[in-house]
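Everything on this sheet refers to the single structure shown next.
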Amino acid sequence: MPLFRWFAASSALVVLLISASQTAWSEAEPVPRTSPPQTREGFGAPLPDLTDEQRARFQAGKAAFERVFTPRTGLGAVFNAQSCAECHAQPATGGAHDTITITRFRTPLSLNFAAGLVTQASGSPHIQSRSVADEFPDQVPGCDVAPETAPESTLAKTVRVTPPLFGLGLIEAIPDSTLIENGYASADRHPDVNGRGADPSVTGRAGLLFPGGINDLGSLGRLVGRFGARGFVADIPSFTQGAYRTEMGIATPHPLFFLPVRPQGTFAPRDCTPFSGTAVSLAEVREVVDYMRFLAPPPRGPITPAVERGETVFSDIGCASCHTPTLETDGNTVAALSYRDVPLYSDLLLHDMGEALADGAPEGLGTSREWRTTPLWGIGGMAKPLMHDGRAGRDFVRAIELHGGEAAGTRSQFNDLPVADKRALVRFLESL
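Letter by letter, the sequence shown follows residues -26 to -1, 1 to 406 of mature numbering (1 follows the signal peptide of the UniProt record, and there is no 0).
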């Protein structure tokens, strides 16, 4: 054999062996058990296709969203944050948080979250863990109110991580009819996957609001909840005003939130609330609503061959039965929200997730075992811990293992996957 042919053949063999070795090594890699957030550009940007006037409203709303309150400007006697942006800060304004959580509880006088909002019995349904007396003694020298704690009568407590707000306007713009129809046809609307047939145990339902839900007086026709861990809130104005009251102790114009938080269920002494008047006007609420409504969806990470393989696995084992890749909006007065695909990876329905995730604290019509399917978009680019209470950390495998109830069949299929397919599924989730 001529020397140059021998050299060419030898080089080809070396390349082939290296390639085979890399493939074998790749197949043998373990499944990642922690997924640090990917660095991505675009978090916190406004929706594309907004008008100049809408972009100006977005910027004005962002400034209101970042406004820091003190006792002299209306901060409640007890509170969890001084601004909206304090909790919704990572990886950009409007995002989530990797450490801040809230605690909810129920008592015999507030068996449901909705009842707690109205009665505030013993301070229910929400613990405000900070006090102006502790943090602003110079502004409230005569105040001695302590941070709230769960009372002895507490029947159940539940912890929640901070939800991201990216793409909220698109979620709000998905019509009620889509969610109601999807709920009625929960088993039928998912295609037969590899001959498995639709899973009859997947029976999600829309979070119908009445009785026991919250919507804004300007959108009384909206009857399906879509925000909150149990789809308890129907629209962004209600979501916003509820957060002002429960997180900052600030009353708003909404009929459920027109009184400030009562520490441990009692009215705060005047010494603790030196501000008089309306701390947040309806106009300022609308500015913040504009900001949240015009936030763009979270950016997607790189789509590699491993990610594509993982997406196929995601569908094949039934994850997409609840984490629906895309829903659509209908006509909207805001063109940037009108007839748009919403790649949120959620059906926004309530599903029974089993006893291991039950928290003993029902909300509205959602039982303690039911949870709204969490939108997965953005989870790969945020440091937010996984699951409603963050118990899975940044371990996607652990999050899947915690799925029970209607998701038990899909969890079993995941457990039976080859290591390479499990790893690909994690890579897909990291790309979202």
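Using N, Cα and C, we set each Cβ at its ideal position, and we do this for glycine too.
For the candidate residues the options, whose alpha-carbon lies nearest to that of residue i?
| i | options | result |
| --- | --- | --- |
| Thr13 | Glu40, Val106, Arg274 | Arg274 |
| Val371 | Pro272, Gln56, Ala203, Arg401 | Arg401 |
| Tyr319 | Pro271, Ser212, Leu331, Asp326 | Pro271 |
| Gln113 | Arg46, Ala381, Leu197 | Arg46 |
| Ala88 | Met361, Ala382, Pro336 | Pro336 |
| Leu116 | Ser105, Arg385, Glu282 | According to the sequence shown, residue 116 is Gly rather than Leu. Among Ser105, Arg385, Glu282, the Cα nearest to that of Gly116 belongs to Ser105. |
| Met327 | Phe241, Gly178, Phe388 | Gly178 |
| Arg29 | Ala309, Lys358, Ser342 | Ala309 |
| residue 408 | Gln64, Leu376, Leu129, Gly18 | Missing from the structure shown is residue 408; the chain here goes from -26 to 406 and no further. |
| Ile154 | Thr307, Leu197, Leu269, Phe39 | Leu197 |
| Pro338 | Ser84, Val262, Glu221 | In the sequence on display, residue 338 carries Gly and not Pro. Minimum Cα distance to Gly338 is reached at Ser84. |
Which class does residue i belong to by DSSP, given the choice of helix, strand or coil?
| i | result |
| --- | --- |
| Leu269 | strand |
| Glu40 | coil |
| residue 487 | The structure shown does not extend to residue 487, since the chain is modelled only from -26 to 406, so the question has no answer here. |
| Pro185 | Any reading at Pro185 needs caution, since the residue's pLDDT is 48, under 50, leaving its predicted position unreliable; the model's value is listed next. Three-state DSSP puts Pro185 in coil, outside helix and strand. |
| Asp118 | coil |
| Arg274 | coil |
| Ala332 | coil |
| Gly90 | helix |
| Asp315 | strand |
| Thr214 | helix |
| Pro20 | strand |
| Glu15 | coil |
Residues in the same chain with beta-carbon distance under 6 Å from residue i, minus the five sequence neighbours each way, listed in chain order, please.
| i | result |
| --- | --- |
| Pro227 | Leu256 |
| Val94 | In the sequence on display, residue 94 carries Gln and not Val. Contacts found: Arg236, Gly239. |
| Asp118 | Ala107 |
| Thr132 | Arg78, Asp333, Ala335 |
In the DSSP assignment, find the unbroken beta strand (DSSP E) run with residue i in it and report its ends.
| i | result |
| --- | --- |
| Val133 | 130 to 135 |
| Asp326 | 324 to 326 |
| Arg346 | 344 to 346 |
Please list, in chain order, all residues of the same chain as residue i whose beta carbon is under 7 Å from its beta carbon, the five residues on each side excluded.
| i | result |
| --- | --- |
| Phe249 | Pro45, Arg46, Thr47, Gly48 |
| Gly205 | Gly181, Gly199, Leu322, Leu324, Gly340, Arg346 |
| Pro276 | Ser405 |
So, for residue i: in the same chain, excluding its five sequence neighbours on each side, which residues have a beta-carbon less than 8 Å away from its beta-carbon?
| i | result |
| --- | --- |
| Pro4 | Val393, Arg397 |
| Leu391 | Val287, Ile291, Leu399 |
| Gly378 | Met327, Gly328, Glu329, Ala330, Leu331, Arg385 |
| Ala373 | Leu360, Met361, Ala366 |
Taking the continuous alpha helix (DSSP H) assigned at residue i, which residues delimit it?
| i | result |
| --- | --- |
| Glu146 | 142 to 146 |
| Gln113 | No alpha helix (DSSP H) holds Gln113; DSSP gives it neither H nor E. |
Handout entry: Cβ pair count under 8 Å reaching 3, the region 47 to 67 against the region 101 to 114
Key = Yes, the region 47 to 67 is in contact with the region 101 to 114.
Problem - Any 3 or more C-beta pairs closer than 8 Å across the region 354 to 369 and the region 283 to 300 - result: Flag = no, the region 354 to 369 and the region 283 to 300 do not touch.
Practice task
May I ask you to verify whether the region 349 to 364 touches the region 313 to 333, counting CB pairs closer than 8 Å and requiring at least 3?
Solution key: Yes, they touch.
Practice task
Could you say if the region 67 to 84 and the region 123 to 130 meet the contact criterion of at least three C-beta pairs nearer than 8 Å?
Solution key: Counting Cβ pairs under 8 Å, three or more are found: they touch.
Handout entry: Three CB pairs or more closer than 8 Å across the region 146 to 155 and the region 197 to 207
Key = They touch, by the three-pair rule.
Problem - Cβ contact (3+ pairs, closer than 8 Å) linking the region 58 to 71 and the region 295 to 315 - result: At 8 Å Cβ cutoff, the stretches do not touch.
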